[in-house]
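To start, the structure under review is shown below, and the notes come after it.
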Amino acid sequence: MASPADVQKLFLQAILSRRVVSVNLAKVLWKKCVDAVKVADDSLDIPWGPDKNAWDDFISRINESLNPIDLELASSTDEKTGRQMFALVNRNGDEVAQMATDYSPLEIAYFKALVEQIMLAPNYSYSISSMAALREVNSLKSNMTKTQAENVLASFVAKGWLLKPKKGRYSLSTRTLLELQPYIRQTYPDEKLECTVCMEIVTRGTRCYTSNCKIQLHGHCMTAYRKTHSKCPSCNTDWSKGSGAEKLLLVGENAAPKDDGRAGRGGRAQPRQATARKMSPARARLPRRTRRKTNLLSNLRRRRRDADRVNVANVSLGASSVSEDEEEKEEDAMEVDEEEAAPTAKAKGKRRR
Numbered sequence: 007m008a009s010p011a012d013v014q015k016l017f018l019q020a021i022l023s024r025r026v027v028s029v030n031l032a033k034v035l036w037k038k039c040v041d042a043v044k045v046a047d048d049s050l051d052i053p054w055g056p057d058k059n060a061w062d063d064f065i066s067r068i069n070e071s072l073n074p075i076d077l078e079l080a081s082s083t084d085e086k087t088g089r090q091m092f093a094l095v096n097r098n099g100d101e102v103a104q105m106a107t108d109y110s111p112l113e114i115a116y117f118k119a120l121v122e123q124i125m126l127a128p129n130y131s132y133s134i135s136s137m138a139a140l141r142e143v144n145s146l147k148s149n150m151t152k153t154q155a156e157n158v159l160a161s162f163v164a165k166g167w168l169l170k171p172k173k174g175r176y177s178l179s180t181r182t183l184l185e186l187q188p189y190i191r192q193t194y195p196d197e198k199l200e201c202t203v204c205m206e207i208v209t210r211g212t213r214c215y216t217s218n219c220k221i222q223l224h225g226h227c228m229t230a231y232r233k234t235h236s237k238c239p240s241c242n243t244d245w246s247k248g249s250g251a252e253k254l255l256l257v258g259e260n261a262a263p264k265d266d267g268r269a270g271r272g273g274r275a276q277p278r279q280a281t282a283r284k285m286s287p288a289r290a291r292l293p294r295r296t297r298r299k300t301n302l303l304s305n306l307r308r309r310r311r312d313a314d315r316v317n318v319a320n321v322s323l324g325a326s327s328v329s330e331d332e333e334e335k336e337e338d339a340m341e342v343d344e345e346e347a348a349p350t351a352k353a354k355g356k357r358r359r
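Mapping to our numbering: the sequence shown position 36 is 42, numbers consecutive.
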């Protein structure tokens, strides 16, 4: 038999299936849930209204029902769009493990390591590159492979825990900021995380360019603030149009250093790989066939030296080994090729002169 409580059940199922919804979509879902229950029993008196008070009362009733199981239908502002967003979050404890019961302990530990690197990223970028995200697997001291890590990262993005544009960097999503807000504030108390206007966590926006001034705002909060104010609320630096506005610094992935893609743990750039050694001009003038045989002969001699060191001269090296007769044949062929190549190289040198 239908009851007014069924509206809350249907609504929560709709929220769970979408993970995070805007306030406008949430109100549409609420209306559809009311209509669906009334179809089952038109005599039910179900409170509903398009005004803000009716909506606030509905959210309050839901949270009263969820409180005994430490869940909450919480809201936050999307850092990019400024829209109010709703999500069902776990308020039991402050561990990252509370965010993902469908992940293994190893995957949760990996997510925790990613959150740490994102929050401590250099230059207020609050984001990490794909390379840096994959390198965090090494800190887990586990047997997780690179391919497995890539699949887990894709799952974090698909389920709304991380954000990553096609050619961008990994950053925290609205869902993560909602669910892990107590954990983030407690774990990183030394970081200036709050927006001066809305007092919510900032991981993308703008900040004051004055040294030692830690004022930062969301992009939409900055737009609203500058409509009535022209100076920094902390250091009184002029933010008016012109040079002052152009000097404002970015917060988020666009603030990442150019070489941050090579940064390891702690934001330190890794050394570039050494370039291949250039071929000498004399060797470059030799025919390609002769160069190949020279490389083969060097490899054969190196194998012989290695075999002598470990006293395995009388042990067969299998299919990859080469007999002494074959080496002598290669050496004879090499001597013939070098004799043939020498006049050719000299002739080419004369023609160039």
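Glycine included, each C-beta is placed from N, C-alpha and C at the ideal position. Keep in mind that this is a model prediction, so the values were computed, not measured.
In the DSSP assignment, what residue or residues form a beta bridge with D196? Counting from 1 along the sequence shown, the entry for residue 196 is found at position 190. Answer is none; D196 lacks a bridge partner.
Whole angstroms are fine: how far does the CA of D76 sit from the CA of L94? The residue given as residue 94 occupies position 88 in the sequence shown. The residue given as residue 76 occupies position 70 in the sequence shown. Rounded to the nearest angstrom, the two C-alpha atoms are 11 Å apart.
List the DSSP bridge partners of R232. Taking the sequence shown and counting its residues from 1, one reaches residue 232 at position 226. For R232, which the question treats as bridged, DSSP gives no partner whatsoever.
In terms of residue numbering, what span does the beta strand (DSSP E) encompassing T182 cover? Start at 1 with the first residue of the sequence shown, and residue 182 comes out as number 176. No beta strand (DSSP E) holds T182; the alpha helix (DSSP H) holding it covers T180 to E185.
Go through the segment 36-65 residue by residue and report every complete run of the alpha helix (DSSP H) that reaches 4 residues or more, in order. none
Just curious, the beta strand (DSSP E) that N96 is in, first and last residue? Position 90 of the sequence shown holds residue 96. Run containing N96: Q90 to N96, per the beta strand (DSSP E) assignment.
T212 to L255 span [Cα, whole Å]: Numbered from its first residue, the sequence shown carries residue 212 at position 206. Numbered from its first residue, the sequence shown carries residue 255 at position 249. When rounded, the distance between both Cα atoms is 6 Å.
For S9, which option in D47, V29, S28 and M125 has the closest C-alpha, if you only look at C-alpha atoms? Position 3 of the sequence shown holds residue 9. It is D47 whose Cα lies nearest to the Cα of S9.
Find the nearest neighbour of N260 within the set L169, K165 and S133, judged by alpha-carbon distance. If you number the sequence shown from 1, residue 260 lands on position 254. Checking every option, the nearest Cα to that of N260 belongs to S133.
Within 10 angstroms of the Cβ of A11, are there 16 or more other Cβ atoms? Answer buried if so, exposed if not. Mapped onto the sequence shown, residue 11 falls at position 5. Flag for A11 reads exposed.
Nearest CA to the CA of K33: which residue from P111, K118, R24 and G55? The residue given as residue 33 occupies position 27 in the sequence shown. Among P111, K118, R24 and G55, the Cα nearest to that of K33 belongs to G55.
So what does DSSP say about E259, is it helix, strand or coil? Taking the sequence shown and counting its residues from 1, one reaches residue 259 at position 253. Helix at E259.
Work out the CA separation of E156 and E113 for me, nearest whole Å. For the purposes of this step, residue 113 is taken as the residue at position 107 of the sequence shown. For the purposes of this step, residue 156 is taken as the residue at position 150 of the sequence shown. E113 and E156: Cα-Cα distance of roughly 12 Å.
Where D84 sits in the DSSP three-state scheme: Counted from its first residue, the sequence shown places residue 84 at position 78. In this structure, D84 counts as coil in the three-state DSSP scheme.
For F162, I'd like the list of residues in its chain whose CB is within less than 6 Å of its CB, leaving aside the five on either flank, ordered along the chain. The residue labelled residue 162 in the question sits at position 156 within the sequence shown. Excluding residues within five positions, the ones whose Cβ falls inside 6 Å are L168.
Could you check what DSSP says for I207 in three-state terms: helix, strand or coil? Numbered from its first residue, the sequence shown carries residue 207 at position 201. Looking at I207 - three-state DSSP - the assignment turns out to be strand.
Below 8 Å on the Cβ atoms is my contact criterion, and I expect M150 with V143 to pass it. Report the Cβ-Cβ distance as a whole number of Å. Position 144 of the sequence shown, counted from the first residue, corresponds to residue 150. Position 137 of the sequence shown, counted from the first residue, corresponds to residue 143. Right, the Cβ-Cβ distance comes to about 5 Å (below 8 Å), so this counts as a contact.
Among residues of its own chain, excluding the 5 on either side of S82, which ones have a beta-carbon nearer than 7 Å to its beta-carbon? Here the question's residue 82 lines up with position 76 in the sequence shown. Only M91, T180, L183, L184 and E206 meet the Cβ criterion.
Residues that E78 bridges to, as DSSP identifies them: Within the sequence shown, numbered from 1, the residue matching residue 78 stands at position 72. Its beta-bridge partners are V95.
Pick from H224, C214, K233 and A251: whose alpha carbon is nearest that of Q240? As a position in the sequence shown, residue 240 is number 234, starting the count at 1. The sequence shown places Ser at residue 240, rather than the Gln named in the question. Of the candidates H224, C214, K233 and A251, the one whose C-alpha sits nearest the C-alpha of S240 is C214.
Spatial distance of L50 from K44 (CA atoms): For this step, residue 50 is matched to residue 44 along the sequence shown. For this step, residue 44 is matched to residue 38 along the sequence shown. Between L50 and K44, the C-alpha separation is close to 7 Å.
T216 (DSSP reduced to helix, strand or coil): By one-based count along the sequence shown, residue 216 stands at place 210. Three-state DSSP puts T216 in coil, outside helix and strand.
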